[in-house]
Structure formats: C-alpha cells, structure tokens
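Trainee: Add 258 to the 1-based position in the sequence shown for my numbering, that's all there is to it.
Here a beta-carbon is modelled for each residue, glycine too, at the ideal position from N, C-alpha and C.
Computed from a prediction, not measured in an experiment: that's the story for all the values here.
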Amino acid sequence: MMCEVMPTINEDTPMSQRGSQSSGSESDTHFEQLMVNMLDERDRLLDTLRETQESLGLSQQSLEDVLYDRDSLQRQLNSALPQFKTVQVKIVETDAITGSG
C-alpha cells in the first residue's frame with residue numbers, strides 16, 4: 259500500500275519562503291500534465307508513423323505493379339518493332355524497284 263509522505267518543513271526557513279514549498283505540488287501537477295501531454299503526442303506521432311508506413315507500402319506495391327506493366331509493354335513493343343522495321347524495309351525496297359516514292 260502506498261502512503262504519501264509530506265515534505266518536511268525546515269524550521270529555520272522564514273515564513274515568506276514556506277509558501278514556495280506549497281507550490282511544489284503545483285509544480286508536480288504541472289510536471290504530470292507535461293508528461294501526459296508528451297505521452298499523448300508520442301501516441302499521435304506513432305499513429306502517424308504507422309499510417310505513413312502503410313501508405314509507403316501501398317505506394318511501393320503500386321510502383322512494382324507499374325514497373326511490371328512497363329516491362330511487359332516494352333517487351334511487346336520490342337517484339338513488334340522488328341516486324342515493323344521489316345515491313346518498312348520491304349516498302350522502301352519496293353518503292354526503289356518500281357521507282358515510286
């Protein structure tokens with residue numbers, strides 16, 4: 259069981275300074291409120307960190323999907339491009355032979 263111990267009052271302390279000892283509890287209250295505020299702020303920051311990490315994970319997944327799609331389209335383009343160049347060469351050769359162009 260906890261029991262509160264009151265601070266000792268030095269009998270040599272003048273009465274004018276004894277009032278400052280009672281403000282110690284005000285100081286304690288202020289300190290406790292400061293700690294509570296700091297803990298609340300820490301919780302808010304941790305929540306923000308978690309949300310940001312989740313958002314980053316989703317963004318990274320989207321990036322991977324886009325890169326996969328880009329690579330797939332690039333492969334399709336590369337496979338179709340030689341056929342297109344072959345057709346162009348045949349047209350140029352035909353034009354050269356027939357003299358049109």
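With a threshold of 7 Å on Cβ separation, who are the neighbours of R333 within its own chain once the five nearest residues in sequence on each side are excluded?
Mentor: No residues qualify anywhere along the chain.
Trainee: When DSSP labels each residue in this structure, what does G357 get in the three-state scheme?
Mentor: Reduced to three states, the DSSP call for G357 is coil.
Trainee: Can you give, in chain order, each stretch of the alpha helix (DSSP H) that sits fully within the stretch 287-351 and has at least 4 residues?
Mentor: none
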